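To convert, count from 1 in the sequence shown and add 158; that's our numbering. Where is the CB? At the ideal position from N, CA and C, for every residue including glycine. Because the structure is a prediction, the values reported are computed rather than measured.
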Amino acid sequence: MSGVYFHIPFCRQLCHYCAFHKSISLQAKEDMLECLKLELKLRKDYLGDNSLTTIYFGGGTPSVYQANEIESLIEEVAKYFIIEPNAEITLEANPDDLTEKYLQELAKTRVNRLSVGIQSFHDEDLILMNRRHTGKEAFDAIRRAQAFGFDNISVDQIYGVPGLTMEKWKEKLELVFDLNVQHISSYHLMFDPNTIFTKKLEKGQLVEMDEEDSFEQFNYLIDVARKHGFVHYEISNFSKEGYISEHNSSYWKQKKYLGIGPSAHSYNLEQREWNIANNYKYITAIRNNESFSEKEDLSEYDRFNDFVLTSLRTYWGMDLELVRTDFGEKLYQHCILKTKKYLSSEHIRQEKNSIILNDKGVFVSNDIMSDFFWVEEE
Ligand SMILES: C[S@@+](CC[C@H](N)C(=O)[O-])C[C@H]1O[C@@H](n2cnc3c(N)ncnc32)[C@H](O)[C@@H]1O
Ligand code: SF4
159 MSGVYFHIPF CRQLCHYCAF HKSISLQAKE DMLECLKLEL KLRKDYLGDN SLTTIYFGGG
219 TPSVYQANEI ESLIEEVAKY FIIEPNAEIT LEANPDDLTE KYLQELAKTR VNRLSVGIQS
279 FHDEDLILMN RRHTGKEAFD AIRRAQAFGF DNISVDQIYG VPGLTMEKWK EKLELVFDLN
339 VQHISSYHLM FDPNTIFTKK LEKGQLVEMD EEDSFEQFNY LIDVARKHGF VHYEISNFSK
399 EGYISEHNSS YWKQKKYLGI GPSAHSYNLE QREWNIANNY KYITAIRNNE SFSEKEDLSE
459 YDRFNDFVLT SLRTYWGMDL ELVRTDFGEK LYQHCILKTK KYLSSEHIRQ EKNSIILNDK
519 GVFVSNDIMS DFFWVEEE
């Protein structure tokens, strides 16, 4: 059971916090569509398995393509793979693209899950982020999608944004829960290199939120999401019963996935592969049958570190017995040592064989996971 991911590398406007690969020139849209199909054909045997449980259109902004163009990509996938009857087929969409006309067409495709970037419902935050929509437009877009029958909707939002007071955060979450969506992804704002936000931070035009304040926002979110019946199943992800994202889960269930498009990553349990993050070079390489990706073989330690990274992120945690059977006594003993340290600091708890991050641990999860990594001596 594997997944196919399409990276759609176009956006209509650049959000000032975002470092994902994309271009705001949509000129190459047609050429790109053709090349995505060509890459799929070229790499159809990569997974060594032709049964798919997930297809994910991410970006960038997949909704720059018309619904029939998205369906033509699904059609292409169906030529080489068996798409399982209950397969989760997700489209990341920006609220400003979800017009009545677009949704009407999209409802006719096999897309059965929408992931909509609302980020905030406050217009001053959206202006700061350079989003193309207002808070009300984002809210209405979700309502419209529901009216067109989409009943598996996820919303993306960002907290820890300069100027986001606790009062505003509470108001925003109330609106999110009013929408009655099935899934929420909530990301702490990251100051990624080469973004306008980071440049502004360096010039002193933006001030990073105090860690204590963003921790309070995160804790409030965890609390209120639980009260509304959401399971906090991964650091940034919350779902209603039965709506855990299959696509997200494939990363920590160590499922194979094939990534198509510029900057897309692929994984087949033994190797990682990543495509060139440049639209022009990608199209040229695909058309001329030249190399468009790099790959690395994964060592035993790389696989262990991946296992730490993916399992500790989830509410199922990391199974220590599995560490012993899959990675041997040395790495098991290493984990036992780290486990003692974080049990005593109450960052983790132990349930049977598994260790799971507590709320306190989730907030500093990157530090804890790095500490569990096995680093080979030079
Ligand atoms: C790849 S983006 C695609 C979403 C879609 N294009 C949109 O903007 O609506 C997925 C999500 O990543 C999150 N994201 C991107 N950059 C981020 C950053 N620097 N810090 C926190 N979250 C970020 C946003 O919430 C965004 O919706
Ligand atoms: S957040 Fe979405 S719309 Fe904004 S630049 Fe990133 S991918 Fe594009």
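Boundaries of the beta strand (DSSP E) in which residue i is found, first to last residue
i	result
Tyr317	311-317
Gln277	271-277
Thr248	240-251
Ile506	506-509
Asn433	429-433
Lys199	Segment 187-200 is the alpha helix (DSSP H) holding Lys199; no beta strand (DSSP E) there.
Val162	160-166
Phe308	No beta strand (DSSP E) holds Phe308; DSSP gives it neither H nor E.
Closer than 7 Å: residue i CB and nearest ligand 2 heavy atom
i	result
Thr219	yes
Gly419	no
Cys493	no
Cys193	no
Gly538	Given a span of 159 to 536 for the chain in the structure shown, any question on residue 538 remains unanswerable.
Gly275	yes
Leu249	no
Asn352	no
Phe215	no
Leu184	no
Asn252	yes
Unbroken alpha helix (DSSP H) run spanning residue i, endpoints
i	result
Glu448	Taken as a continuous stretch (DSSP letters only), Glu448 belongs to no alpha helix (DSSP H), as it is neither H nor E.
Lys411	Per DSSP, Lys411 belongs to no alpha helix (DSSP H) and is neither H nor E.
Leu205	Counting along the chain, Leu205 falls outside any alpha helix (DSSP H), and DSSP gives it neither H nor E.
Tyr500	487-502
Gly387	Gly387 -> no alpha helix (DSSP H), and no H or E assigned at all.
Gly293	293-305
Asn463	458-469
Thr219	It is not in any alpha helix (DSSP H) - Thr219 carries neither H nor E in the DSSP assignment.
Lys358	354-360
Near ligand 1: residue i beta-carbon under 7 Å from a heavy atom
i	result
Leu347	yes
Ile316	yes
Ala299	no
Phe396	no
Asn208	no
Gly321	no
Gly400	no
Tyr175	yes
Phe178	yes
Of the listed residues the options, nearest to residue i (C-alpha basis)
i	options	result
Leu478	Thr497, Arg471, Thr468	Thr497
Gly362	Ser407, Tyr223, Pro320	Pro320
Ile276	Ala177, Leu331, Thr483	Leu331
Leu210	Asn226, Phe239, Met287	Phe239
Asn244	Gly161, Gln262, Tyr415	Gly161
Val533	Val466, Asp189, Arg507, Ala177	Val466
Ala177	Tyr163, Ser421, Lys187, Arg290	Ser421
Tyr317	Ala265, Tyr459, Phe521, Gln412	Phe521
Ser278	Thr292, Arg268, Ala265, Gln185	Thr292
Pro253	Ala299, Phe349, Thr219	Ala299
Ser424	Leu198, Cys169, Pro167, Cys193	Leu198
Asp484	Ile514, Asp464, Lys518, Tyr401	Asp464
Gln412	Leu333, Met476, Gly307, Lys398	Met476
Ile213	Lys358, Ser407, Ile506	Ser407
Cys621	Asn288, Pro167, Asp203	Because the chain in this structure spans residues 159 to 536, residue 621 falls outside the shown range and cannot be described.
Leu256	Glu233, Ala303, Gly218	Ala303
Leu284	Lys259, Leu322, Lys266	Leu322
Distance between beta carbons of residue j and residue i, contact taken as under 8 Å
i	j	result
Asp314	Ser273	7 Å
Leu184	Ile418	With 8 Å as the limit, Leu184 and Ile418 do not qualify as a contact, their Cβ atoms being about 19 Å apart.
C-beta neighbour in chain D for residue i, strict 8 Å
i	result
Glu360	Of the protein chains in this structure there is only one, and it is not chain D.
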